[in-house]
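Here is the structure we will look at.
Chains as they are written, first to last, in the working numbering: chain A, 0 to 337; chain S, 95 to 415.
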């Protein structure tokens, strides 16, 4: 009953088809979904709407960048939405006190990094599962943001700040998109070209092995948490500029969308396998879905249903090919009986 | 400091303290609150605490089975709200409350089964499956109600599941007690219960020793779905409505209750008694802080801090025992 020994071994070309889908499935999904929307609503492909998609997807993409590091390292952070909300409150408060915007942005990111460092120390040194630590942090940070603002929205006026992070558009591309692009290049460099990046993969793949191989696993995980929270806080810079105020619960739930983007892109939820580019693709797919469904007047409620189904379906497909890959490896290793 | 107390205490005492540090937490809270507020020790307040804790406790029972088996369910709150809406709609359509109860429990079981099947046969982590289910359940709830509350038309339903007070104790509390006894028996005195621990502790070893691990896990997800249905019944009866936000964040509080009680988040170690204490701790905390007029914002802060501190202490005590 338990063993799948009766399953037939797929033919080689089937393997290759599966592998093709695993590598390019997310591209196919994006192209197909975009094509459907373009056919049904020609306005979908208009430059204005494409710029819209870019603008809408930035907050999610930035938060998902940070989440990618934590998930690749084999951990999870569900305090991201609360941290981004807190950062938004900090920025709005400082700007309403007429402080210079670079200081506000810096302070919010620093506050995020402090939350991340606390999460990291409790999880790594205290050996508490990161889900529990960040669940605690979610409550604490959210409570402080609500208390500090008395649950009200903080309004500010600072046009230079909003111009830089939300409005002005060099060469027609909205500035948030530029920011995401710059952040992507910087973080992709860290993840794919530095020792720290390589260590993240090693720790997420097999922490024990990584330790034996001389990787400072604890330190790597700690920095992954700090980076995640700092980046999440930075996403609030873009959010706050766009909406023009700070809300203590403005980004609640962002963590779930960020996790969805990371996993949709095909990054392994258990760590050690994936890339930052995949996260971009995952976020883009979510952004296109949201935008297209809104264009077609599908109400927000059903968008939730579609999003939930797509997440599960995508991971399901991803797992199916992986399992076949494994079987092929076992077969190639001469196991014979599968 | 508790380590030094522990090392001097006699063995049975040490075991008790080590196993349920949460009891110490509860005692500490009770003493603090009874000094701080004259109303805390009032009999009526205890009934209040009981009522406030039961919903969380039943949801946390479901979560206990899931976590013991090494999985997680993020959809409990959203699904409980959805089931509440289904039940309110069933009664509004003129069906008797029995039909609504059957709908709540069986649709709950179905959703649990789907979660389980996708996790087990699709090899998708339960975190992702139930995150998707969370989104779907919320979406369907909004779509069905347009974010409006649907009031329960059947007085009998409200009476039977909320307003009745046999022996002066709210019906809600009675249901939680009965459920606790049944589930505790199931977990500690049956083959199924033993299998849940085995699967969560070491699935591979459990499989090799002949336990049908897939069936056990599937049954756990289904049972959790049924218990989510039970939560929805009690919730809907108490609110008197089916509502999208009826059980918002219930899953997070349930996870907190399970872990606060000292059940291992990695599975295989823990009990329903622990969960009951964990839920009670959260219930007493909420009640006491409200009595002391602590703002709800700071209640969040304190709850979050206590979750982490409790687990930290638990780990610390376990290491020295």
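C-beta: ideal position from N, C-alpha, C; glycine also.
Model, not experiment: these values are computed from the prediction.
Within-8 Å CB hit, residue i to chain C
i, result
"residue 38 of chain A", "You won't find chain C in this structure, because its protein chains are A and S."
Listed by chain order, chain S residues near residue i by CB distance under 7 Å
i, result
"residue 300 of chain A", "233, 236, 237"
Beta-carbon neighbours of residue i, restricted to chain A and to distances below 8 Å
i, result
"residue 311 of chain S", "Within 8 Å Cβ-Cβ: nothing; residue 311 of chain S doesn't reach chain A, min ~11 Å."
"residue 406 of chain S", "121, 125, 127"
Whole-Å CB distance - residue i paired with residue j, under 8 Å assumed
i, j, result
"residue 43 of chain A", "residue 294 of chain A", "6 Å"
"residue 314 of chain A", "residue 262 of chain A", "6 Å"
"residue 229 of chain A", "residue 80 of chain A", "The Cβ separation is near 15 Å, so there is no contact."
"residue 166 of chain S", "residue 228 of chain S", "So it is not a contact: roughly 11 Å between Cβ atoms."
"residue 179 of chain S", "residue 336 of chain S", "4 Å"
"residue 176 of chain S", "residue 235 of chain S", "5 Å"
"residue 123 of chain A", "residue 220 of chain A", "5 Å"
"residue 380 of chain S", "residue 139 of chain S", "The pair is not a contact, with the Cβ atoms about 12 Å apart (cut-off 8 Å)."
Closer than 9 Å at the beta carbon, the chain S residues around residue i
i, result
"residue 249 of chain A", "The premise fails here: residue 249 of chain A is roughly 15 Å from chain S at the closest Cβ pair, so nothing lies under 9 Å."
"residue 268 of chain A", "218, 219, 221, 222"
"residue 306 of chain A", "226, 229, 230, 233"
Cβ-based burial, residue i [other Cβ within 10 Å; buried from 16]
i, result
"residue 53 of chain A", "buried"
"residue 340 of chain A", "In this structure chain A extends from 0 to 337, so residue 340 of chain A is not present and cannot be described."
"residue 39 of chain A", "exposed"
"residue 371 of chain S", "buried"
"residue 159 of chain A", "exposed"
"residue 26 of chain A", "exposed"
"residue 161 of chain A", "buried"
"residue 469 of chain S", "A query on residue 469 of chain S cannot be resolved here, the shown segment of chain S reaching from 95 to 415 and no further."
"residue 276 of chain S", "exposed"
"residue 247 of chain A", "buried"
"residue 219 of chain S", "buried"
"residue 112 of chain A", "buried"
"residue 188 of chain A", "exposed"
"residue 291 of chain S", "buried"
"residue 285 of chain A", "buried"
"residue 192 of chain A", "exposed"
"residue 201 of chain A", "buried"
"residue 173 of chain A", "buried"
"residue 117 of chain A", "buried"
"residue 299 of chain A", "exposed"
"residue 316 of chain S", "buried"
Beta-carbon neighbours of residue i, restricted to chain A and to distances below 7 Å
i, result
"residue 392 of chain S", "142, 146"
"residue 389 of chain S", "146"
"residue 201 of chain S", "The contacting residues do not exist; residue 201 of chain S stays about 16 Å from chain A at best."
Identified DSSP bridge partners for residue i
i, result
"residue 335 of chain S", "S/245"
"residue 205 of chain S", "Residue 205 of chain S pairs with nothing; no bridge assigned."
"residue 245 of chain A", "A/153"
C-beta neighbour in chain A for residue i, strict 8 Å
i, result
"residue 230 of chain S", "yes"
"residue 359 of chain S", "yes"
"residue 165 of chain S", "no"
"residue 219 of chain S", "yes"
"residue 250 of chain S", "no"
"residue 174 of chain S", "no"
"residue 257 of chain S", "no"
"residue 285 of chain S", "no"
"residue 328 of chain S", "no"
"residue 398 of chain S", "yes"
"residue 341 of chain S", "no"
"residue 275 of chain S", "no"
"residue 383 of chain S", "no"
"residue 102 of chain S", "Low confidence applies here, because residue 102 of chain S scores a pLDDT of 46, under 50, leaving its location unreliable; read the following figure in that light. So, not an interface residue."
"residue 346 of chain S", "yes"
Residue i at chain S interface by Cβ criterion, 8 Å
i, result
"residue 245 of chain A", "no"
"residue 125 of chain A", "yes"
"residue 137 of chain A", "yes"
"residue 258 of chain A", "yes"
"residue 211 of chain A", "no"
"residue 68 of chain A", "no"
"residue 314 of chain A", "yes"
"residue 130 of chain A", "yes"
"residue 255 of chain A", "yes"
"residue 292 of chain A", "no"
"residue 120 of chain A", "no"
"residue 297 of chain A", "no"
Chain S contact residues for residue i, given Cβ-Cβ distances below 8 Å
i, result
"residue 318 of chain A", "216, 217, 218"
"residue 310 of chain A", "222, 225, 226, 229"
"residue 56 of chain A", "The premise fails here: residue 56 of chain A is roughly 17 Å from chain S at the closest Cβ pair, so nothing lies under 8 Å."
Residue i: CB within 7 Å of a non-hydrogen atom of the ligand ATP
i, result
"residue 262 of chain A", "Looking at this structure, you won't find the ligand ATP or any other ligand, since it has none at all."
Contact set between residue i and chain A, taken where Cβ atoms lie within less than 9 Å
i, result
"residue 409 of chain S", "125, 126, 127"
"residue 350 of chain S", "131, 134, 135, 138"
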